[in-house]
Amino acid sequence: METAALRTRLVEVVVPVHNEQRALRASTTRLHAYLAGTFPYGFRITIADNASTDDTWRIATELAGELPHVRALHLDEKGRGRALRHVWSRSEADVVSYMDVDLSTDLDAFLPLVAPLLSGHSDLAIGTRLARASRVERGPKRELISRSYNLLLRSVMGAGFSDAQCGFKAVRTEIAHALLPGVEDEQWFFDTELLLLAERHGLRIHEVPVDWVDDPDSRVDILRTAMDDLRGLARVARETLSGAARIPMPARVERAELPKGMARQLPRFAIVGTGSTLAYLVLFSSLREILSPLAANAVALLVTAVANTAVNRRFTFGVTGSAGAMRHQLEALIAFLVGLTLTSGSLFLLPDRVSYGVELIAVVIANAAATLVRFLLLRVWVFNPERKTTR
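When you read off a place in the sequence shown, starting at 1, and then add 1458, the result is the number in the numbering used here.
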């Protein structure tokens, strides 16, 4: 039953290719066998051919006909970023991802890459070759260029991620759909721009150390790619300074926003809470002259709790009229009991014959904890306009 539930989640793996007739068949067959044999979620492999001039497209269509869960897509224009944008923006999968056709990254890192996205823990995930736990085999030239580029990103752009160029990434599909309109590059800088945009919007980027073996027959023009990346960085820096890089994000994606209504409710609740605390302290101090600490605390807390609920009902949560007022008071008594338990417990745990000042400090601290519980109860239950009530 659990396996069937996992299979309902879909991960799309895009393999962008340009003139890769040499490696395409072997790599796709290996990737398909690995996912079919070990991957616990549903998957689809999309071979995105961007303007190949050799036999790449023919091989891609053959593979799509031979292997289940494999499809082929052809674009008339070249560009890895263009291919990823085309597939990701149209995908209905839960998570979209991509990897280089040479499969330089060990496939055992793929499940750790996508699992935090499927669980909702993270928004984007990248493989990193620069972590201490990573094992990397590549020449000194590529190593120097990669480390220099990522150092530039961290020092100039303030990037928090460690490896922008590793061809092993995944994104929650709703996040990809929100970010893609703000990404301009269609080539190799696409990855970096996507990550910088994600960080600027406060999204969570998960990093997975990977084992990497460099492909000596790689078609990447290192010098040209490096120059394009530098031009892309300059453009993004200008847009960031001008404010043009900010894009509208759905409320469920934007991390900086409070839940609906809370921006108004919090300050109002704080005002009411401050008044209630002062009233509680006055009552507790007066009653302490004639009652025990526990009895004075209970009476003062009950009186201020009833008043607090009535004021918050109208002022903080905007509930008008008398309908439901008694029910609200009775339900809010749960918050009163939480506060009574915390404050009474703090007084009970004090040593005998402590000073009056120590008693006040104890009940104020306990009241602070009870206030947080009270706000949550009032917001999500007592005065929640969307709750369903039964007679």
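Cβ coordinates follow ideal geometry from the N, Cα and C atoms, glycine included.
How big is the Cα-Cα spacing for Leu-1654 and Phe-1841? One-based indexing of the sequence shown puts residue 1654 at position 196. One-based indexing of the sequence shown puts residue 1841 at position 383. Phe-1841 has its alpha-carbon roughly 40 Å from the corresponding atom of Leu-1654.
Who are the Cβ neighbours of Ser-1606 in its own chain at under 7 Å, not counting the five residues just before and after it? Working through the sequence shown from its first residue, we reach residue 1606 at position 148. A distance below 7 Å between beta-carbons, with the five flanking residues on each side excluded, links Ser-1606 to no residue of its chain.
Report yes if the C-beta distance between Val-1559 and Val-1473 is below 7 Å; otherwise report no. Within the sequence shown, numbered from 1, the residue matching residue 1559 stands at position 101. Within the sequence shown, numbered from 1, the residue matching residue 1473 stands at position 15. In this structure, Val-1559 sits near Val-1473, with a CB-CB distance shorter than 7 Å.
Identify the continuous alpha helix (DSSP H) that holds Met-1784 and give its terminal residues. For the purposes of this step, residue 1784 is taken as residue 326 along the sequence shown, with counting starting at 1. Element bounds for Met-1784: 1783-1807.
Residue environment, Arg-1548, which counts as buried when at least 16 other CB atoms sit within 10 Å: Here residue 1548 refers to the residue found at position 90 of the sequence shown. Here Arg-1548 is exposed: its Cβ has fewer than 16 other Cβ atoms, across all protein chains shown, within 10 Å.
Under 6 Å Cβ to Cβ from Ala-1754, same chain only, skipping five residues before and after it: list those, please. Taking the first residue of the sequence shown as 1, we reach residue 1754 at position 296. Hits under 6 Å: Phe-1742, Leu-1745 and Arg-1746.
Mind checking which residues open and close the beta strand (DSSP E) that includes Glu-1747? As a position in the sequence shown, residue 1747 is number 289, starting the count at 1. Boundaries for Glu-1747: no beta strand (DSSP E) harbours it, and the DSSP string shows neither H nor E there.
From what residue to what residue does the alpha helix (DSSP H) around Trp-1839 run? Stepping through the sequence shown from its first residue, residue 1839 is reached at position 381. If you look at Trp-1839, you'll find it isn't in any alpha helix (DSSP H); DSSP assigns it neither H nor E.
Provide the residue(s) that pair with Gly-1500 in DSSP beta bridges, ordered along the chain. Residue numbering aside, residue 1500 sits at position 42 when the sequence shown is read from its first letter. By DSSP's assignment, Gly-1500 forms a beta bridge with Leu-1468.
Taking the alpha helix (DSSP H) that Lys-1599 falls in, what are its first and last residues? Indexing the sequence shown from 1 puts residue 1599 at position 141. Start and end: 1598-1614.
What first and last residue would you give for the beta strand (DSSP E) that runs through Val-1545? Counting from 1 along the sequence shown, the entry for residue 1545 is found at position 87. Unbroken run through Val-1545 is the alpha helix (DSSP H), 1538-1546; no beta strand (DSSP E).
Under 7 Å between C-beta atoms of Val-1594 and Trp-1670: Within the sequence shown, numbered from 1, the residue matching residue 1594 stands at position 136. Within the sequence shown, numbered from 1, the residue matching residue 1670 stands at position 212. At a Cβ-Cβ threshold of 7 Å, Val-1594 and Trp-1670 count as neighbours.
Evaluate the contact criterion for the segment 1626-1633 versus the segment 1504-1524: three or more CB pairs, one atom per stretch, below 8 Å. Contact between the segment 1626-1633 and the segment 1504-1524 is absent, because fewer than three Cβ pairs lie under 8 Å.
Label Arg-1772 either buried or exposed according to how many other C-beta atoms from any shown protein chain fall within 10 Å of its C-beta, with 16 as the threshold for buried. Along the sequence shown, read from residue 1 onward, the residue named residue 1772 stands at position 314. Arg-1772 comes out exposed.
For my contact list, Val-1471 and Asp-1564 are in at a C-beta cut-off of 8 Å; report their separation, rounded to the angstrom. The residue you call residue 1471 lines up with position 13 of the sequence shown. The residue you call residue 1564 lines up with position 106 of the sequence shown. The Cβ separation is near 15 Å, so there is no contact.
In chain order, what residues of the same chain have a beta carbon less than 8 Å from the beta carbon of Ala-1828, not counting five sequence neighbours either side? Here the question's residue 1828 lines up with position 370 in the sequence shown. Excluding residues within five positions, the ones whose Cβ falls inside 8 Å are Ala-1793, Val-1796, Gly-1797, Leu-1800 and Thr-1801.
Given 8 Å as the limit, is there contact between the segment 1584-1602 and the segment 1504-1513, that is, 3 or more CB pairs closer than that? Pairwise C-beta distances place the segment 1584-1602 out of contact with the segment 1504-1513, as fewer than three of them are shorter than 8 Å.
So, at 7 Å on beta carbons, what are the nonlocal neighbours of Leu-1759 in its own chain, with the 5 sequence-adjacent residues on each side left out? The sequence position of residue 1759 within the sequence shown is 301, counting from 1. So the qualifying residues of the chain are Tyr-1738, Phe-1794, Gly-1797, Leu-1798 and Thr-1801.
Could you give the residue range of the beta strand (DSSP E) that holds Pro-1667? Position 209 of the sequence shown, counting from 1, holds the residue named residue 1667. Unbroken beta strand (DSSP E) run through Pro-1667: 1663-1667.
From the DSSP output, in three-state form, read off Glu-1535 for me. The count along the sequence shown starts at 1 and reaches residue 1535 at position 77. If DSSP states are grouped into helix, strand and coil, Glu-1535 belongs with coil.
Within 10 Å of its beta-carbon, does Phe-1501 have 16 or more other beta-carbons around it, so buried, or fewer, so exposed? Within the sequence shown, numbered from 1, the residue matching residue 1501 stands at position 43. Flag for Phe-1501 reads buried.
Determine, using beta-carbon pairs with one atom in the segment 1575-1592 and one in the segment 1614-1624, whether at least three such pairs fall under 8 Å. Yes, the segment 1575-1592 is in contact with the segment 1614-1624.
Once you ignore the five residues that flank Pro-1809 on each side, which residues in its own chain have a CB closer than 8 Å to its CB? In the sequence shown, residue 1809 corresponds to position 351, counting from 1. Non-local beta-carbon contacts of Pro-1809 in its own chain, meaning distances under 8 Å to residues more than five positions away in sequence, are absent.
Between Arg-1726 and Thr-1774, how many whole angstroms is the CB-CB distance? I'm expecting something under 8 Å. Within the sequence shown, the letter at position 268 stands for residue 1726. Within the sequence shown, the letter at position 316 stands for residue 1774. A Cβ-Cβ separation of about 4 Å places Arg-1726 in contact with Thr-1774 under the 8 Å criterion.
So what does DSSP say about Ala-1622, is it helix, strand or coil? Your numbering for residue 1622 matches position 164 in the sequence shown. Three-state DSSP puts Ala-1622 in coil, outside helix and strand.
Shorter than 6 Å, the distance from the beta carbon of Trp-1546 to the closest heavy atom of the ligand SAH, or not? Questions concerning the ligand SAH fall outside what the structure shown contains, since it holds no ligand whatsoever.
Taking the straight line between their C-alpha atoms, what separation do you get for Glu-1460 and Pro-1498? As a first step, residue 1460 must be located in the sequence shown, where it is residue number 2. As a first step, residue 1498 must be located in the sequence shown, where it is residue number 40. Legend: pLDDT at Glu-1460 = 48, less than 50; position of this residue unreliable, value from coordinates given subsequently. Distance between the alpha carbons of Glu-1460 and Pro-1498: 10 Å.
Using DSSP with H/G/I as helix, E/B as strand and the rest coil, what is Trp-1515? Taking the first residue of the sequence shown as 1, we reach residue 1515 at position 57. Three-state DSSP puts Trp-1515 in a helix.
Drop a sphere of 10 angstroms on the beta-carbon of Gly-1815, count the other beta-carbons inside from all chains shown, and report buried for 16 or more, exposed for fewer. Taking the sequence shown and counting its residues from 1, one reaches residue 1815 at position 357. Burial call: exposed.
So, using beta-carbon positions, are Ala-1530 and Leu-1468 closer together than 7 Å? Start at 1 with the first residue of the sequence shown, and residue 1530 comes out as number 72. Start at 1 with the first residue of the sequence shown, and residue 1468 comes out as number 10. Going by beta carbons, Ala-1530 and Leu-1468 fall outside the 7 Å limit.
Per DSSP, which residues does Gly-1585 bridge with? Please list them. As a position in the sequence shown, residue 1585 is number 127, starting the count at 1. In the DSSP output, where bridge partners are listed per residue, Gly-1585 has Val-1666.
Cβ-based burial, Gly-1776 [other Cβ within 10 Å; buried from 16]: Within the sequence shown, numbered from 1, the residue matching residue 1776 stands at position 318. Gly-1776 counts as exposed, since fewer than 16 other beta carbons sit within 10 angstroms of its beta carbon.
Can you name, in chain order, every residue of its own chain whose Cβ lies under 7 Å from the Cβ of Arg-1540, other than the five neighbours on each side? For the purposes of this step, residue 1540 is taken as the residue at position 82 of the sequence shown. Counting only Cβ-Cβ distances below 7 Å, and skipping sequence neighbours, we find Asn-1508, Leu-1533 and Glu-1644.
Measure the alpha-carbon distance for Glu-1665 versus Ala-1583 and round it to whole angstroms. On the sequence shown, residue 1665 is found 207 positions in, with the first residue counted as 1. On the sequence shown, residue 1583 is found 125 positions in, with the first residue counted as 1. Between Glu-1665 and Ala-1583, the alpha-carbon positions lie close to 6 Å from each other.
Nearest-angstrom beta carbon gap, Ala-1617 and Leu-1637 [assumed within contact, 8 Å]: Taking the first residue of the sequence shown as position 1, residue 1637 is located at position 179. Taking the first residue of the sequence shown as position 1, residue 1617 is located at position 159. Rounded to whole angstroms, the Cβ separation of Leu-1637 and Ala-1617 is 15 Å, and the two are not in contact under 8 Å.
Among residues of its own chain, excluding the 5 on either side of Glu-1478, which ones have a beta-carbon nearer than 6 Å to its beta-carbon? If you number the sequence shown from 1, residue 1478 lands on position 20. Counting only Cβ-Cβ distances below 6 Å, and skipping sequence neighbours, we find Thr-1514 and Val-1559.
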